[in-house]
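Student:
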Amino acid sequence: MEAVVGDVVAPEDLLKFEKKYNNELVKGAVSKETKFEYAWCLIRSKYSEDIKKGIVLLEELVQKASKDDSRDFLFYLAVANYRLKDYEKALKYIRTLLRNEPGNKQALDLEKLIDKALKKDGLVGMAIVGGIGLGVAGLAGLIGLAVSKGAAKS
Numbered sequence: 001m002e003a004v005v006g007d008v009v010a011p012e013d014l015l016k017f018e019k020k021y022n023n024e025l026v027k028g029a030v031s032k033e034t035k036f037e038y039a040w041c042l043i044r045s046k047y048s049e050d051i052k053k054g055i056v057l058l059e060e061l062v063q064k065a066s067k068d069d070s071r072d073f074l075f076y077l078a079v080a081n082y083r084l085k086d087y088e089k090a091l092k093y094i095r096t097l098l099r100n101e102p103g104n105k106q107a108l109d110l111e112k113l114i115d116k117a118l119k120k121d122g123l124v125g126m127a128i129v130g131g132i133g134l135g136v137a138g139l140a141g142l143i144g145l146a147v148s149k150g151a152a153k154s
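First residue of the sequence shown? That's 1 in my numbering, and the numbers climb one at a time after it.
(1) Taking the alpha-carbon positions, what's the Val9 to Ser48 distance?
(2) Leaving out five residues on either side along the sequence, give the residues of the same chain with a beta carbon under 8 Å from the beta carbon of Leu113.
(3) Which value, in whole angstroms, describes the spacing of the CA atoms of Glu24 and Val62?
(4) Considering only C-alpha positions, which residue in the set Glu33, Glu111, Ala65 is nearest to Arg95?
(5) Indicate whether at least one CB of chain C lies closer than 8 Å to the CB of Phe75.
(6) Label Ala29 either buried or exposed according to how many other C-beta atoms from any shown protein chain fall within 10 Å of its C-beta, with 16 as the threshold for buried.
(7) Is the separation between the beta-carbon of Phe73 and that of Ala107 shorter than 8 Å?
(8) If you drop the 5 nearest sequence neighbours on each side, which residues of the same chain put their C-beta closer than 7 Å to that of Ala90?
(9) I think Lys35 touches Leu57, with their Cβ atoms under 8 Å apart; what is that distance to the nearest whole Å?
(10) DSSP three-state call for Ser31: helix, strand or coil?
(11) When DSSP labels each residue in this structure, what does Lys85 get in the three-state scheme?
(12) Figure out for me which residue from Gly122, Ala117, Ser70 has the closest Cα to the Cα of Arg99.
(13) Would you report the Cα separation of Lys20 and Gly103, rounded to the nearest angstrom?
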């Protein structure tokens, strides 16, 4: 699963699908396939702004999709949000997919990966908050010590 979320699009592929998308856009109608291909390339970019553009396209697609079509859109919305480290949103999308397809192995694997990242992120956040708390307590202790030594001298 790490290979799926870590996959980076080749710049020439991104350009090719961007050109195809823009050509259809100029003509007035972008096919569902072209929009998906372009979004799929965007979410595999190394640039967060591209990933965000891909999310917008996938969200448009999922709103108009049948249950069958929504599978890929929801999966890649979860992947894109995972890549942006927005684990809560990633989990929301993958769980929506799993409500429709509880036995989807790829979705279950991605859910585990997201859960793991969410726990790790939460532990890091708790460690940071804990470290700040210890630092403040330590500083208060030093100030208290300095004040008491100053009071003892007078």
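Using N, Cα and C, we set each Cβ at its ideal position, and we do this for glycine too.
Tutor: A quick look at the data gives this:
(1) 13 Å
(2) Met1, Glu2, Val5, Tyr82
(3) 20 Å
(4) When each option's Cα is compared against that of Arg95, the closest is Glu111.
(5) Absent from the structure is chain C; it holds one protein chain and no more.
(6) exposed
(7) no
(8) Ala78, Asn81, Tyr82, Ile114
(9) 5 Å
(10) Coil.
(11) coil
(12) Nearest option by C-alpha distance: Ser70.
(13) 35 Å
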